[in-house]
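For the protein sequence lines, the chains are V and U, in the order given.
Note that the first sequence ends on residue 371 in full-length UniProt numbering; no numbers are left out.
Note that the second sequence ends on residue 367 in full-length UniProt numbering; no numbers are left out.
Ideal placement from N, C-alpha and C gives every residue a C-beta, glycine not left out.
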Amino acid sequence: MKFIVSSSYLQKHLQLLGGVINNNNTLPILDNFLLELTGSELKVSASDMETTIVSKLEVESEDDGSIALPAKLLLDTLKTFPEQPLTFHAVGTMITVSHDKGKSEIACAAAEEFPKAVTISEPSSTTIMGDTLATAVNKTIFAAGNDDLRPVMSGVFFQFTSDSLTFVATDAHKLVRYKREDIAASETAEFIMPKKPLNLLKAMLQGSESEVLVEYNDSNAQFSFDGTTIICRLIDGKYPNYEAVIPKENPNKLTISRTQLLNSVRRVSIFSNKTTHQIRLKMAGAELNISAEDLDYSNKADERLTCDYQGDDMQIGFNSRFLIEMLNNLTCDDVSLEMSLPNRAGILTPVDGLDEGENVTMLVMPVMLNQ
Amino acid sequence: MHELADRKIIHVDMDAFYASVEQYDNPELRGKPIAVGGGSDRGVVAAASYEARKYGVRSAMPSVTAKRLCPDLIFVKHRFDRYREVSTQIREIFHDYTDLVEPLSLDEAYLDVTENKYNFPSATIIAYEIRRRIYEVTGITASAGISVNKFIAKIASDYNKPNGQKTIVPEEIIPFLEELDIRKFYGIGKVTAEKMYQHGIFTGNDLKRKSLEFLVEHFGKSGGHYYKIVRGIHKSPVKANRIRKSLGAERTFSENISSEVFMKERLVQIAEEIEKRIAKSDVAGKTITLKIKYRDFKTQTRSKTMPYYIRDKETILSTAVDLLEQESFRESVRLLGITLSNLNTSKIEEEDEDENDIVEVQLGFGF
Chain V
1 MKFIVSSSYL QKHLQLLGGV INNNNTLPIL DNFLLELTGS ELKVSASDME TTIVSKLEVE
61 SEDDGSIALP AKLLLDTLKT FPEQPLTFHA VGTMITVSHD KGKSEIACAA AEEFPKAVTI
121 SEPSSTTIMG DTLATAVNKT IFAAGNDDLR PVMSGVFFQF TSDSLTFVAT DAHKLVRYKR
181 EDIAASETAE FIMPKKPLNL LKAMLQGSES EVLVEYNDSN AQFSFDGTTI ICRLIDGKYP
241 NYEAVIPKEN PNKLTISRTQ LLNSVRRVSI FSNKTTHQIR LKMAGAELNI SAEDLDYSNK
301 ADERLTCDYQ GDDMQIGFNS RFLIEMLNNL TCDDVSLEMS LPNRAGILTP VDGLDEGENV
361 TMLVMPVMLN Q
Chain U
1 MHELADRKII HVDMDAFYAS VEQYDNPELR GKPIAVGGGS DRGVVAAASY EARKYGVRSA
61 MPSVTAKRLC PDLIFVKHRF DRYREVSTQI REIFHDYTDL VEPLSLDEAY LDVTENKYNF
121 PSATIIAYEI RRRIYEVTGI TASAGISVNK FIAKIASDYN KPNGQKTIVP EEIIPFLEEL
181 DIRKFYGIGK VTAEKMYQHG IFTGNDLKRK SLEFLVEHFG KSGGHYYKIV RGIHKSPVKA
241 NRIRKSLGAE RTFSENISSE VFMKERLVQI AEEIEKRIAK SDVAGKTITL KIKYRDFKTQ
301 TRSKTMPYYI RDKETILSTA VDLLEQESFR ESVRLLGITL SNLNTSKIEE EDEDENDIVE
361 VQLGFGF
């Protein structure tokens with residue numbers, strides 16, 4: 001088996017694929033890329049058993065054959081080359097890579113040892129534009145949890161209906177719902193996607209105008225675009241009833257410049273308690289007062305901002321980190337924060353900058369004094 | 001069981017202790033207004049008998065004032081060794097019931113009788129027994145307050161004083177605290193009470209209406225304490241070995257001094273006394289406080305906190321002298337004192353009281 005390929009073209013693709021490979025695999029074969037050559041088409045696969053990514057590359061070849069090649073060794077070598085054609089020549093389980101300065105020989109494993117990727121039986125499907133999917137992931141994934149004991153919340157909830165696609169992430173303290181009413185699925189479906197394949201999708205699809213075919217059944221989902229396929233196992237379990245926690249009546253509404261609010265929260269948060277990061281928002285008239293105090297020391301800070309506020313005078317505490325993450329994730333000029341009571345969630349939404357049919361809702365639970 | 005009823009605490013408080021001991025030991029003093037303390041022009045009343053209290057004589061009152069209020073007042077010189085002896089007898093009685101005894105001073109103590117050596121279910125009866133036995137052994141009356149925590153027991157012991165007791169059962173705690181004058185709350189002094197008045201807080205009920213946030217904003221960390229106590233929550237355990245929080249000595253001069261040179265001489269003597277006391281209790285401290293009482297009884301304190309623990313006479317003295325030199329004396333001085341606080345023992349105490357800390361809690365969605 002022999003093929004010739006551009007070094008930078010190969011590196012660019014393998015770099016992304018390498019993102020799937022775990023640092024310490026229980027199965028050593030998973031430290032490899034699976035290469036499958038059919039004429040001028042080279043199929044490269046990487047897997048961690050949960051997620052498998054397969055990309056088709058164009059190479060110069062008339063051979064067929066397959067082999068499993070150590071990923072780290074290859075990636076480390078590729079990084080060092082200036083752009084040039086590389087010749088791969090496999091004999092048995094040895095590959096020789098020839099370049100303009102010489103050659104390297106790599107001991108490989110037989111392709112048969114590499115686990116077969118799952119095929120999704122009787123899938124439902126929908127299509128979505130690459131950049132839209134990347135945006136949906138980007139808007140939600142930061143709000144997902146890291147709690148091993150609550151695996152359902154460690155992923156992003158995909159909710160497809162015949163009139164919209166909804167993406168939700170929460171860690172039980174904050175929640176983001178990203179909804180597209182301009183796209184729809186042929187059938188109603190719900191599944192929870194783990195973070196790893198979503199991060200890969202986000203990296204590969206940012207700005208992409210390609211159509212992504214999404215196929216799914218109860219246990220797996222597959223995303224296909226531009227010669228790449230990502231197949232993953234879904235997170236098993238029931239997603240919490242997030243709709244129920246979105247407060248309906250929110251008589252108090254604050255509208256303010258996003259960057260101004262973000263900058264103030266950042267400054268004041270430095271003075272907040274180091275474990276709860278609590279800052280206090282006090283709204284009265286057209287004035288927003290942001291303050292933080294670390295009771296353990298005597299440090300405090302407060303700032304005053306003018307804002308547009310409708311509702312009763314009120315005071316509410318939030319974890320400043322959550323607010324910073326959320327405000328950072330938005331791209332709008334102005335945001336609105338709707339509240340009801342100091343112990344109920346605040347609802348953060350962008351006021352401008354949304355596409356037609358695009359809808360972003362962020363929820364954050366308060367921090368309260370307690371004993 | 002009522003949610004507050006997890007412990008049974010008795011606060012025993014001797015009635016006019018020093019004065020009662022003197023009256024018991026000297027029958028000719030019984031029924032007469034007496035004051036323990038120096039009767040000279042410069043003395044201070046250490047304790048007053050109930051007969052004297054009727055005239056308005058109070059402890060810590062200058063003897064001159066006391067004499068003016070009650071011209072027949074008999075001054076008796078204090079005999080601390082004798083009071084300590086009586087106090088020991090009383091403590092032996094306490095320990096007959098429980099070993100969880102926290103003495104506050106010679107004449108006051110908290111007892112936790114939730115579990116007691118006689119397995120008496122009724123703390124009210126135990127308190128009655130203790131008071132009866134104290135009277136039998138020492139001839140002095142005591143008052144007691146009985147409730148579920150130290151704070152309420154302490155308030156209760158004042159209720160039927162002298163020679164009485166008051167039990168506040170769990171069901172009564174909340175209404176009792178709601179009606180209580182804010183100044184009666186243990187831990188709320190004159191200054192805090194003033195501040196509370198400004199916020200319209202006059203009774204427990206007013207206090208209860210304020211949110212935790214409000215109290216913390218206006219009273220800092222203590223706000224959390226007030227929030228709790230008005231709800232009858234005070235978890236502080238009865239500590240069998242009370243940890244010393246400060247250590248000090250002071251001197252009232254036979255004549256007022258206005259020269260700094262003489263004051264410094266006196267400070268040397270006071271520092272020597274402190275050194276002795278430090279050696280006795282084996283502690284070190286970070287904060288040195290200089291107390292100055294002027295001719296007009298106005299008292300001023302100045303303190304300095306070191307970044308490290310100190311215990312030697314030289315450092316204590318030089319710091320006290322520095323503090324003295326910062327003062328511009330507008331009057332002659334009748335008393336000087338030095339206190340060492342922030343002791344290396346208080347660490348343990350602080351950890352004990354961690355439960356009083358206010359915590360900010362991140363709320364969740366509930367799923």
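Helix, strand or coil at residue i [DSSP, three-state]
i	result
E108/U	strand
N199/V	helix
S63/U	helix
L213/V	strand
K274/V	coil
D294/V	coil
R304/V	strand
E112/V	helix
P170/U	helix
G18/V	helix
K248/V	coil
T87/V	strand
F322/V	helix
Q371/V	Confidence at Q371/V is low in this model, with a pLDDT of 46, below 50, so the placement of that residue should be treated as unreliable; the coordinate-derived value is given next. Looking at Q371/V - three-state DSSP - the assignment turns out to be coil, as it is neither helix nor strand.
P27/U	helix
V351/V	coil
Close-in-space but distant-in-sequence residues of the same chain around residue i (CB under 7 Å, 5 per side omitted)
i	result
K103/V	T96, V97
A52/U	P33, I34, A35, C70, L73
Neighbour list for residue i in chain U, Cβ cutoff strictly below 9 Å
i	result
G317/V	E213, E360
M368/V	L212, E213, E360, V361, Q362, L363
L175/V	F365
V245/V	F365, G366, F367
Q278/V	E360, Q362
N252/V	Simply none; closest approach about 17 Å.
Residue i: contacting residues in chain V (beta-carbon distance under 8 Å)
i	result
V321/U	Ordered by position in chain V, no residue passes the 8 Å Cβ test against V321/U, which lies about 29 Å from the chain.
Chain U residues whose Cβ lies nearer than 8 Å to that of residue i
i	result
P151/V	Within chain U, no residue comes near P151/V; the closest Cβ sits about 14 Å away, beyond 8 Å.
M365/V	Q362, L363, G364, F365
A143/V	Correct list: empty, because the minimum Cβ distance to chain U is about 12 Å.
P240/V	F365, F367
N343/V	L363
Contact set for residue i: own chain, Cβ-Cβ below 6 Å, skip 5 residues either direction
i	result
V212/V	I128, G130, L133, F223, F225
K196/V	T51
T299/U	K293
M61/U	V45
8 Å CB neighbourhood of residue i in its chain, flanking five on each side removed
i	result
K300/V	F271, S291, A292, E293, D294
K2/V	S61, D63, T87, F88, H89, A90
D334/V	T255, I256, S257, R258, P350, V351, D352
M368/V	G317, P342, N343
S63/U	A35, G37, G38, G39, S40, D41, R42, G43, V44, V45, F75
T276/V	N319, V367
G285/U	S246, L247, Y309, I310, R311, L340, S341, N342, L343, N344
residue 372/U	What is shown of chain U runs 1 to 367, which leaves residue 372/U out entirely.
D322/U	K304
Under 7 Å from the C-beta of residue i: neighbouring residues of chain U
i	result
S172/V	Residue 172/V is actually Ala in this sequence, not Ser. Ordered by position in chain U, the residues that pass the 7 Å Cβ test against A172/V are G364, F365, F367.
N273/V	E360
N24/V	Chain U residues near N24/V: none, gap ~33 Å exceeds 7 Å.
Check: residue i C-beta below 7 Å from any heavy atom of the ligand NAP
i	result
A143/V	Judged by which ligands are present, the structure shown has none, so any question about the ligand NAP falls away.
Cβ of residue i within 8 Å of any chain B Cβ
i	result
K12/V	Absent from the structure is chain B; the protein chains it does hold are V and U.
| task | Any chance you could list the alpha helix (DSSP H) runs of at least 4 consecutive residues sitting entirely within the region 290 to 345 of chain U, in chain order? | result | 313 to 326
| said: Across the region 198 to 211 of chain V and the region 235 to 251 of chain V, are there enough close Cβ pairs to call them in contact, namely three or more that are closer than 8 Å? | reply: no
| query | What are the complete alpha helix (DSSP H) segments, minimum 4 residues, inside the region 167 to 229 of chain U? | reply | 170 to 179, 190 to 198, 204 to 209, 212 to 219, 221 to 229
| said: So, does the region 29 to 45 of chain V touch the region 69 to 85 of chain V, judging by three or more C-beta pairs under 8 Å? | reply: yes
| message | Using 8 Å as the cut-off, can you tell me whether the region 238 to 252 of chain U makes contact with the region 306 to 313 of chain U, which would need three or more C-beta pairs spanning the two stretches below that distance? | response | no
| request: Entirely within the region 148 to 205 of chain V and at least 3 residues each: give me those beta strand (DSSP E) ranges in chain order. | output: 156 to 160, 165 to 170, 174 to 180, 189 to 193
| query | Three or more C-beta pairs closer than 8 Å, one from the region 216 to 229 of chain U and one from the region 79 to 89 of chain U: is that the case here? | reply | no
| said: Pairs of beta-carbons, one from the region 322 to 336 of chain V and one from the region 233 to 245 of chain V, closer than 8 Å: are there three or more? | reply: no
| query | On the three-pair Cβ rule with 8 Å, is the region 360 to 367 of chain U touching the region 163 to 178 of chain V? | reply | yes
| query | If you pair each beta-carbon of the region 162 to 169 of chain U with each one of the region 178 to 186 of chain U, do three or more pairs fall below 8 Å? | reply | no
| the region 134 to 142 of chain V / the region 108 to 120 of chain V touching (three or more Cβ pairs under 8 Å) | no
| request: Ignoring anything shorter than 3 residues or poking outside the region 110 to 143 of chain U, list the beta strand (DSSP E) runs there in chain order. | output: none
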